[in-house]
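Participant: Counting in full-length UniProt numbering, the sequence shown runs from 1 upward without gaps. Virtual Cβ for every residue (Gly too), placed ideally from N, Cα, C. A single structure is presented below for examination.
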Amino acid sequence: MGIAALAYLSTVSDYPLIAAPFGAAAVLVFAVPNSPLAQPRNLIFGNLLGAIVSVVMVYLFGSEPWVMALSVATAIKVMQLTKTLHPPGGAVALVGVMSQATWNFVLTPVVAGSIVLLFCTFAFNNLMPERSYPRHWL
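Structure (structure tokens):
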């Protein structure tokens, strides 16, 4: 549901709202919605921080293979420090460096896509009688 919404919105707008890390995020939020890693704070801020880290790394160091590794490691550490660990955020950091992301990458697809995925997750999980999402917002 979430991936379909992102793909559809990407085709009808001028903004790409889908990125590979959203596939992994969808596994978390739909398959294990009670996981701490699947909560809204983690989804939004984990992806956001991964995107910011990647843009800064590209600006400072380019897109060499070692920068890809440094970007993922830095994103993990920043997410741990902010208690927003979200494994797809590490993938966002990697994709950002691989694509030589600019600041536009932070907003679209990362933040906008994360918000769309969050709304789909909320709707799907709360329409199911045996599910409730989120466990907590912050």
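Just the Cα atoms here: how many angstroms apart are VAL111 and LEU48?
Facilitator: So the alpha carbons of these two residues sit roughly 6 Å apart.
Participant: With burial defined as no fewer than 16 other Cβ atoms inside 10 Å of the residue's Cβ, what is the status of PRO65: buried or exposed?
Facilitator: PRO65 is exposed by the Cβ-count criterion.
Participant: I need the straight-line Cα distance from SER63 to ALA91, nearest angstrom please.
Facilitator: Each residue's alpha carbon lies about 15 Å from the other.
Participant: If we ignore side chains and look at the alpha-carbon of each, how far apart do THR108 and SER13 end up?
Facilitator: Whole-angstrom Cα-Cα distance: 11 Å.
Participant: Looking at VAL104: is its Cβ nearer than 8 Å to the Cβ of PRO33?
Facilitator: The question names Val, but residue 104 is Asn in the sequence shown. Cβ atoms of ASN104 and PRO33: not closer than 8 Å.
Participant: Identify which residue in ALA51, GLY113, VAL78 and THR82 has its Cα closest to the Cα of ALA26.
Facilitator: The shortest Cα separation from ALA26 among ALA51, GLY113, VAL78 and THR82 belongs to GLY113.
Participant: For ILE52, which residues in the same chain have their Cβ closer than 7 Å to its Cβ, ignoring the five residues on either side in sequence?
Facilitator: VAL106.
Participant: Tell me whether MET57 is buried or exposed, calling it buried when 16 or more other Cβ atoms sit within 10 Å of its Cβ.
Facilitator: Flag for MET57 reads buried.
Participant: Extract the residue ranges of the alpha helix (DSSP H) inside the UniProt domain "HPP transmembrane region" (1-134), only unbroken runs of 4 or more that lie entirely within it.
Facilitator: Complete alpha helix (DSSP H) runs here, min 4: 2-12, 21-26, 40-61, 65-81, 87-98 and 112-127.
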